Amino acid sequence: MPGKLKAKIVAGRHLPVMDRASDLTDAFVEVKFGNTTFKTDVCPKSLNPQWNSEWFKFEVDDEDLQDEPLQITVLDHDTYSANDAIGKVYIDIDPLLYSEAASVISGWFPIYDTIHGIRGEINVIVKVELFNDLNRFRQSSCGVKFFCTTCIPQCYRATLVHGFVEELVVNEDPEYQWIDRIRTPRASNEARQRLISLMSGELQRKIGLKVLEMGGNAVVGYLQCFDLEGESGLVVRAIGTACTLDKLSSGSAPNTNTHMHPNTAPASNACNSPSKDGKESPLAHGCRSTHNSPVHSVCSSQRLSQNFSVSVPTLIFTGMGSGGSAGKEAGPLRTLLRQQTQTALEQREFPFFTLTSFPPGFLLHVGGVVSARSVKLLDRIHNPDEPETRDAWWEEIRQEIKSHARALGCHAVVGYSESTSICEEVCILSASGTAAILNPRYMREGCLDIGCTDHRFEEPSPPNCGFCHIPYDELNMPFPAQLTYCYHCRRQKVPDVLFTTIDLPSEAAVAGKGCLIQARLCRLKKKAQGEANATAISNLLPFMEYELHTQLMNKLKLRSMNALFGLHIQISVGENMLLGLASATGVYLTALPAPGGIQIAGKTPGDLSSEHISSIQKRINDTIAVNKELYQINPPELAEEGVGSPIPEPRHRSRLFRSHSESSDELSELDLSHGKKDAFVLEIDDTDAVEDIHSLLIDAPPPTGFYSCNTENMPGISNWTSGVQMFTSVRVLRLSNANLTNQGLNKIFTDLCENLLKSFYFKLRSMIPCCLCHLNFTVAVPEEELIQVTVTAVAMTYDKEQTQEKTAEKPVNKGSLEAEEQLQFPLELCADSSSSNIQTASKISVSLFTPAAKLCQNQLLIARSAGVGESTNMSPRAASVDYGSFADRCSTWLELLRLKAHTIRRGSVKTSRRTQSLAHSVSSLERCSPLQEGRSRSLRSSRSFGGSSVTVVKMTPLSFLPGTRIIKYLGIINMFFIRETTSLREEGGVSGFLHSFIAEVFAMVRAHVAALGGNAVVSYSMKECVFMENPNKNQAQCLINVSGDAVICISETDQESSASTANTGQTGGSETDGAT
Amino acid sequence: MSVELDVFVGNTTIMDEEVYQLWLDGYTVNDAVKVRMEGGVMDECEASKDVLLSDTMDQYRTFQMCERLLHSPAKLANQLLFQIPPHRQIMLIERYYAFDDTFVREVLGKKLSKGTKKDLDDISTKTSVTLKSCRRQFDNFKRVFKVVEELKGPLVENIRQHFLLSDKLARDYAAIVFFANNRFETGKRKLQYLSFQDFAFCAGQLISNWTVGAVDNMVEDMDVDLDKEFLQELKELKILITDKDLLDQHKSLVCTALRGKTKVFIEMEGSFKNLSRGLINIAAKLTNTKDVRDFFIDLVEKFIEPCRSDRWSAADMKLYLTHYTNSAHILDTFKHQVVWDRYMGVVKSCIFKMYHD
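Protein chains in written order, with this note's numbering: chain A, 1 to 1076; chain B, 1077 to 1433.
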């Protein structure tokens, strides 16, 4: 018996009336774990029952502890007929299974019913006692920590990153045709909820086992998904990155946490990038399709029909200054190191990482986006214990990704994710990531410390451009791209544009602000069945990918930017159409060449007058100019200034001088080639092309005061204040017009997305200046003529006054010791200059025209000096208005009243005389109006209020909350809910139904976090929102799956209280936390 | 092409105070959109009509879902469904329970029954408050009435605790409950000139001085009923008008005090007996529920109107009533000083408040 689970049912409140006659309820509770069930006594005739039960004890295997949820069912006792269920609570006890997380789950949980939604709340306490189990062959993986966060969690340090872990489990779906035959929908939906809860527990346990096998202790970037395959079953699959994490002591100074946004650069350089043969010639933007993706029709024995895949290593690259010379500098030892990593990675089946941002020095070079898609026909899963087919499918796709990455000269894939889109029996499997070269140090076993031994071999790579340098061989490029020397270091080659799926590395030098860029596309398709359908879809896919990329590229140029981060392309399949949505955050990387404009060329003079063309050209040029202004893109002028920049660090002088001379050579070349580079030509050869160009110009810029991005951090903004508003929005459009064209559909789809954004801006206007971060759009085609778009994002306020202090500022506040250790510059130098630099720091970084080399030097200086002058930097944050702190203050009228009323009631039990005086003092305190004479009476109340107020729980899809520090991760939140109704009209139609369901899901997430002792959810995401309706029958149903990390965070301004907060947090009284 | 479904849910519930007011005022979504457009909110964020419509619908839905909680405001603070900052909760409650003075004036003193509810459309037309808003306000009155009806202890405190209202609003509700319970007549033509605030003030006076709770705050009784014993004792005051000597003595004392201090002295002297009879008859009749209901109309008919027709200024009236009250203390044979003070204290301040145009 390796574990003992204990549960205690304390009380209920706000229960629904179950007995019409008495307007009351006779409630009791069943507590179930595995096959054991306990019951409480019936608490007769009360809507606020107090059970105060004994401790129910379950003695179970830790394997079960991981798989099973604790099931709590609240029922209404009925003497004559069957007891009526009021609702249920599922509690995932996984967070109790590792020592560092929560030690008790205690709090009010909403009682949830799939038909009625939330029906009151129940107060439960759960504890686990684990016994040590030394069995080597154990099936459980208790103790492995899970994080949804796609970076190294704030209060941990990664000593080793082991790599990719994946697992999937399959089962029959208890109810797949629910909508047509609603017999006992509640029963089947509850079965479904329970099953999925079980399956995700099992999945997590299995992944944990793999992590233990690899020698890790945690999974970061854990991504779990459901495939509701309908008749063929239910698949739950997950991927993640296994790591060995070290906890940093939370009491120590803020500097000690390894933040994922380091401000120093990778200390090593990629000088001798491996050159691999790019045997595929993938899709290149703007070029006439040279796309020869392997579309092979394989009818395999497993009855999977069409296997299609397209690889899109989207043009990005780097170069080394001169392949040969770099090699010389590195020396043989480096080469050896490189080879070691290489092999270390190659030994792994899949060198994939689900992380999107990395510790300093981890990411060396980025190759480009790699993606693969495959169309499959679903078949009944015959043997749930052997999910080979699905495994094989994913295996195939991953192999393909791996080979794409090789083609780009990269040995790893970062920012990796997988997804599916299912319509009837057709399923599109997609995977994408960013090909990259990683620093060997993290890969090698036994080399846990960063920045000591390897130090001397390292060539100081330019901190803010290294990752842009191409990893592949210039002479043997995998696809056509224009290479130039890096605009920063002038030593290595960079591509003209860079697309990635990761977050912008915080050390990257950017000009201006970033912005959300979306490409949207609809393609009609004939209705078909089976293999014909699958073939039709796979034939359409390459064209969609191509068009999405063209759109992205055009929009990027239109905004005068040269790189995309966080690129996510979703292709969703419906019965008669395919929807494609690509979202990314555009940014101007100063290391990359300035994007040329867009030139319009007419091909058929007969159709279009040259005036027309020139008017379009003018509009485009104007738009580019406006956008440059809007996003404040004023890249540093490199020309002469670059030469004169003084570099105070002697060690580097020689090298820098040389690079200067190189760059000046280069400059003349660049100027010459400018004309060529500029030639990004859009040809107008038919009306379609005109439409395309018009649609380009439709995208309205966000209104003044708003910025938007879909990544973790907003390029160009870092001085967040504490205003945070996470939201979910769902919009479904019904297409009434039967004979729509592709063009018409595109317009509708584009408008839908644009209007959604406009709605957000309007709704959140009170937060200006504000940025919508992590805008995550999901599209679906739930029925033939419906398009559904689901968006989750967070709006965060920032301090407008400080926006000029860009990139260097943010890492400073979260500055890491390790980062500082890695500084190549002597610390004394910084210390000396710091005092004088504090005041001028911002000025220095503002001057965007500073030569690049100087700029980076200055940023390092600022990093130091700002570290010293931290308190001055912090104060503007503290002064900001904040709802969280408002809640904390609690001394509002309401709280005061409540508190007092409470005291008084207690007082009145003792002596009436005393009560009287108390009452008097209260009244005089509470209101200014004097009491009327002779009116000080006792406060006697026959009703009691539940005195406690509700903990404020903040939610964000990001890995951090501005102005706060995470001191503890309490465990993963992974919840699945189904809600159904048979009285759709009465519940306010589909919108009313979904609105209350989403609000309920939020409420349940918050309640679980609060019960764990937390006050926030980070890396929150809504991974599934499947909505189905049948208005004729007045019915609807919705499934929602959400996940995130429950955390305790405290305000950055009161570090000292951290220890005490952790304790109060445990008892659930964290409303007094200085947090958020 | 049509929007089938459109929702926006924030972790912290987003509520626009302007839209909330429009919702409370009973505007339909479309009317609310029109009002907002005219208000110029569109210019703020380059919004279109569609955006405004979508936002308004979202907010209306949110308010509808919150409405259930607003019916028992204590629940709002410890419910889990909506995360609403405390200051917003207070705003929501305060505004939900706010009412139009014109509307409340119409139902003041009426029985809060189904019958009255049926008349709400008439009241709506008359006061140009939308029917929806009328219903909300009426239901609020009724809800508060029902809750405090069963409670012991001071009325205002009870309302404040159970509905978490501000002091001012709690007092107004106490007045409404008190009037509804005693069914005071306020609708007669002669009383039309009085505002709700006039009555609310009078109610406050009556509650503090004439109810059971006024004398003994430990008695477990309701604040809404008048002190029966006191009403009985009021009959004793009749001696002031039935005893000829006492009446004359009283008059001469008052007249001596007033002489030379007012322009309407002649009128005061002339109407003394009438006015005194009026006031004391009102007191003596208060044991009948029917006469309690007519308390305010009686005050107007028996005292305020005669004074006004004699063109007394407010100051004159105050002067007169002060001396009228105080002089009674000097009367040797008048033994009911305590009752007299308790009665006249309230009557005096009520008349002060009611004596205007």
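Cβ atoms here follow ideal geometry from the backbone N, Cα and C, with glycine treated the same way.
Just so we're clear, the structure is a prediction, and the values are computed from it rather than from any experiment.
- Taking all protein chains shown into account, A:Trp55 has fewer than 16 neighbouring C-beta atoms within 10 Å of its C-beta and is therefore exposed.
- Under the 8 Å Cβ criterion, the segment 1015-1029 of chain A does not count as touching the segment 1109-1127 of chain B, having fewer than three qualifying pairs.
- Between the C-alpha atoms of A:Val573 and B:Lys1151 there is a straight-line separation of about 45 Å.
- Between A:Ala1010 and A:Val1047, the C-beta spacing is not below 7 Å.
- Remark: C-beta atoms of A:Leu578 and A:Leu540 approach each other more closely than 7 Å.
- Residues of chain A with a Cβ closer than 9 Å to the Cβ of B:Ile1090 are, in chain order, Gln725, Phe727, Lys763, Leu764, Ser766.
- The contact set of A:Ile118 on chain B, defined by CB atoms closer than 8 Å, consists of Leu1156, Leu1157 in chain order.
- For A:Ala528, the CB contacts under 6 Å within the same chain, skipping 5 residues up- and downstream, are Ala536 in chain order.
- Inter-segment contact for the segment 1392-1401 of chain B and the segment 1300-1308 of chain B is absent: fewer than three beta-carbon pairs are separated by less than 8 Å.
- Between B:Leu1188 and A:Val1017, the alpha-carbon positions lie close to 48 Å from each other.
- DSSP lists A:Ile437 as the beta-bridge partner residues of A:His365.
- At least 7 Å separates the beta-carbon of A:Thr434 from that of A:Thr354.
- Residues Arg373, Ser419 of the same chain have their beta carbon placed closer than 6 Å to that of A:Ser430, with the five preceding and five following residues left out of the count.
- For B:Phe1175, there are no C-beta contacts with chain A under 7 Å, since the nearest C-beta of that chain is about 20 Å from it.
- Taking 7 Å as the upper bound on Cβ-Cβ separation, chain A lies near residues Gly1086, Asn1087, Thr1088, Ile1090 of the segment 1086-1113 of chain B.
- For A:Val104, the closest Cβ of chain B is not nearer than 7 Å.
- The alpha-carbon separation between A:Leu75 and A:Ser188 amounts to approximately 18 Å.
- Residue contact with chain A for B:Val1083: present (Cβ-Cβ distance below 7 Å to some residue of chain A).
- Residues of the segment 1132-1148 of chain B that bring their beta carbon within less than 8 Å of a beta carbon in chain A comprise Met1133, Asp1134, Arg1137, Thr1138, Gln1140, Met1141, in sequence order.
- For A:Val730, at least one C-beta of chain B is nearer than 7 Å to its own C-beta.
- Counting along the chain, the unbroken beta strand (DSSP E) around A:Gly512 starts and ends at 510-524.
- Residues of the segment 13-27 of chain A whose Cβ lies closer than 9 Å to any Cβ of chain B, in chain order: Arg13, His14.
- The C-alpha of A:Asn1015 lies about 11 Å from the C-alpha of A:Ile967.
- Less than 7 Å separates the beta-carbon of A:Ile111 from that of A:Ile122.
- Shortest Cα-Cα distance from A:Thr585 to any of A:Asn974, A:Cys515, A:Tyr487, A:Arg559 involves A:Cys515.
- Between A:Leu958 and the set A:Gly566, A:Phe997, A:Ile571, A:Glu754, the nearest pair of CA atoms involves A:Gly566.
- When C-alpha distances from A:Tyr90 are compared across A:Ser81, A:His77, A:Asn83, A:Thr114, the shortest belongs to A:Thr114.
- Look at A:Ala536 here: in three-state DSSP terms it is helix.
- Sequence-distant partners of B:Leu1227 (beyond 5 residues in either direction) whose C-beta falls short of 7 Å from its own C-beta, in its chain, are Asn1234.
- The count of Cβ pairs closer than 8 Å, one atom from the segment 359-372 of chain A and one from the segment 483-499 of chain A, reaches three, so the stretches are in contact.
- Here B:Gly1116 carries a coil assignment [DSSP, helix/strand/coil].
- Below the 8 Å Cβ cutoff, chain A contributes His14 as neighbours of B:Lys1151, in chain order.
- By the CB criterion at 7 Å, A:Tyr485 and A:Leu408 fall outside the cutoff.
- Proximity of chain B to A:Trp108 at the Cβ level (cut-off 9 Å) is accounted for by Asn1154, Leu1156, in chain order.
- Taken through DSSP and simplified to helix, strand or coil, A:Arg734 comes out as strand.
- Less than 7 Å separates the beta-carbon of B:Arg1247 from that of B:Val1232.
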